[in-house]
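The structure appears right after this line, and notes come after that.
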Amino acid sequence: MDFERIPTVPTADEVLDRSFRRAAKKMQKKMNKDRANEEFVRAVSSAVHDRLVHIIQSFPVLEEQPPFYRDTVEALFGIERLKMALGNVGWAAMHTKRMGWEHGGTQIRKAEDTAVIRKRAVARIASIVHQIDDDLHFLNEARNVLRKLPDIKDDEFTVVIAGYPNVGKSSFINRISSAEPEVASYPFTTKGVIVGHRYEGRKRIQFVDTPGLLNRAEEERNPIEEQAISAIIHTADLVVFILDPSEYCGYPIEDQRRLLDAIKARVEVPVLIVANKADLGAESEAEYSMSAQTGKGVKEVLDVVLSHYREPTPRPDEGAPEEEAEDCPAVQGGEPGLRPT
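Set out below in structure tokens:
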């Protein structure tokens, strides 16, 4: 997952401190005073520019991410907000580079007191970087959340396991996964999302347990929560809805049926209805029956799942990647805000 590789985003002060140290190391002891001032301005400008461009480039281009991640980013922060922050960092990178050209060249050489020009240039660079401090803080907070998202692969046949809590979803995934399922954090949930994988020859199947948000009535969810749920549900090539007719899960069967109807109304893929806890003897109108606890009937359910397998096809993207601009480091972000220099 691309988000895992995003490094910590430094604050404005950290960017400046590192850049000043880097510039100081480049100064030669035998260099005359005027030459040293000129080189210091250029070195600071270059170090700040490179650091800011590195921040931009460390974030994946959102248009190139699978729909699940784009939908999740939209639910969490808003894609435009994230792109705006990256665009503002690009704006700062461009203007700090300009400071190096303007104050580290002819202007400082012609000055009677190069120390004054150096001080003025460094102050302007610091001012530019401090203007994007809020953006840097925001990007670091976004990075901390994004790198913990579940690794849901876009190139695997995906089965979403739905149903109320305690109906046996995680037990079912544990039973059928080829390895220990991953439990990853997911926005707005306390228990996260369980992702399991099964390999049948060349067939690669991904099982995703829906988060606890799904057990709340639709009218009780806010728009952001709805979008977070949709991000997961819309990864599905198949939905397995698990019922607990014994009601030992703590939810009446009528509520479970209402949730089933709500899910069927919002997906365009097949929905398999499976009654779990068959060992408890409760009757159900479900198509299939099993006990995830004892394993009874699990193979039969898995066989039905495998019968629906098809090679995944790329899901339609809402937008194509933007063309790269040669000299604008903000291209991965949005249009930067207009800021005074």
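The sequence shown begins at 748 in our numbering and counts up one residue at a time. Heads up, the beta-carbon is just placed ideally off N, CA and C, and yes, glycines get one too.
If distances are taken between C-alpha atoms only, which option among the options comes closest to residue i?
i     : options                  : result
R1051 : Y1035, V955, P757        : Residue identity differs from the one stated: residue 1051 is Val in this sequence, not Arg. Nearest option by C-alpha distance: Y1035.
A783  : V863, F750, H877, V1048  : V863
S993  : A1033, V756, G847, F954  : A1033
V955  : G939, R949, G948         : G939
R789  : S918, E849, D760         : E849
S883  : Q953, R894, R951, R798   : The sequence given here has Leu at residue 883, not Ser. For L883, the nearest C-alpha among the options comes from R798.
A870  : D764, Q1040, R1004       : D764
D991  : D1008, M1037, I976, P970 : M1037
F806  : I753, R845, N779         : I753
P970  : G825, S917, A868, G834   : G825
Would you please state the rounded distance, in angstroms, between the beta carbons of residue i and residue j? I believe it to be under 8 angstroms.
i     : j     : result
Q974  : E821  : 6 angstroms
I879  : V791  : Wrong, their Cβ atoms sit about 16 angstroms apart, outside the cutoff.
G915  : I989  : 6 angstroms
F885  : A832  : 5 angstroms
E786  : K773  : 7 angstroms
V1018 : V1048 : Actually they do not touch by this definition, with Cβ atoms about 13 angstroms apart.
G847  : S766  : In fact, because the Cβ distance is near 11 angstroms, the residues do not count as touching under 8 angstroms.
A1025 : F919  : At roughly 12 angstroms, the Cβ-Cβ gap does not stay under 8 angstroms, so A1025 and F919 are not in contact.
R894  : F750  : 5 angstroms
I803  : V762  : Contact flag wrong, Cβ pair sits at about 13 angstroms.
N921  : V756  : No, N921 and V756 are not in contact; Cβ-Cβ is about 36 angstroms, not under 8 angstroms.
E972  : L1053 : Not a contact, Cβ separation roughly 33 angstroms.
For residue i, collect the residues of the same chain with a Cβ closer than 8 angstroms to its Cβ; drop the 5 residues on either side in sequence, then sort them by chain order.
i     : result
E929  : P897, D898, I941, V942, G943
D1002 : Y911
R1005 : none
D1044 : First, the amino acid is wrong: residue 1044 is Gly here, not Asp. Excluding residues within five positions, the ones whose Cβ falls inside 8 angstroms are A1025, Y1035, S1036, M1037, S1038.
Who are the near neighbours of residue i in its chain, counting only those whose CB is closer than 6 angstroms to its CB and skipping five residues on each side?
i     : result
I875  : A839, H842, T843
A978  : F815, D818, T819
P813  : D901
I1010 : A909
D781  : T861
R769  : A794
A931  : P897, G939, V940
K866  : none
L1007 : F988
Sorted by chain position, which residues of the same chain lie with C-beta nearer than 7 angstroms to residue i's C-beta, five sequence neighbours on each side aside?
i     : result
G997  : N913
V1016 : A983, D984, L985, V986
G1042 : R922
S917  : I941, D956
H796  : A840, T843, K844
H1055 : L985, P1017
Quick one, are the C-beta atoms of residue i and residue j less than 8 angstroms apart?
i     : j    : result
V1089 : A983 : Examination of residue 1089 is not possible in this model, given that the chain is present from 748 through 1088 alone.
I923  : R890 : no
V907  : T957 : yes
I688  : F904 : Outside the shown range of the chain (748 to 1088) lies residue 688, about which nothing can therefore be said.
A1012 : H877 : no
Let's see if you can read the secondary structure: which residues bound the beta strand (DSSP E) around residue i?
i     : result
D956  : 950-956
I989  : 985-990
V942  : 940-947
I908  : 904-909
E929  : 929-931
A1022 : 1018-1022
Can you name the start and end residues of the alpha helix (DSSP H) that residue i belongs to?
i     : result
T819  : 814-823
H877  : 861-878
A1012 : 1000-1013
A795  : For the sequence presented, residue 795 should be read as Val rather than Ala. Note, V795: alpha helix (DSSP H), 780-805.
Q974  : 970-980
I920  : 916-923
V1051 : 1045-1054
L763  : 759-773
Comparing the CB of residue i with every heavy atom of the ligand PLP, is any distance shorter than 7 angstroms?
i     : result
V1052 : In terms of ligand content, the structure shown is empty, and the ligand PLP therefore cannot be addressed.
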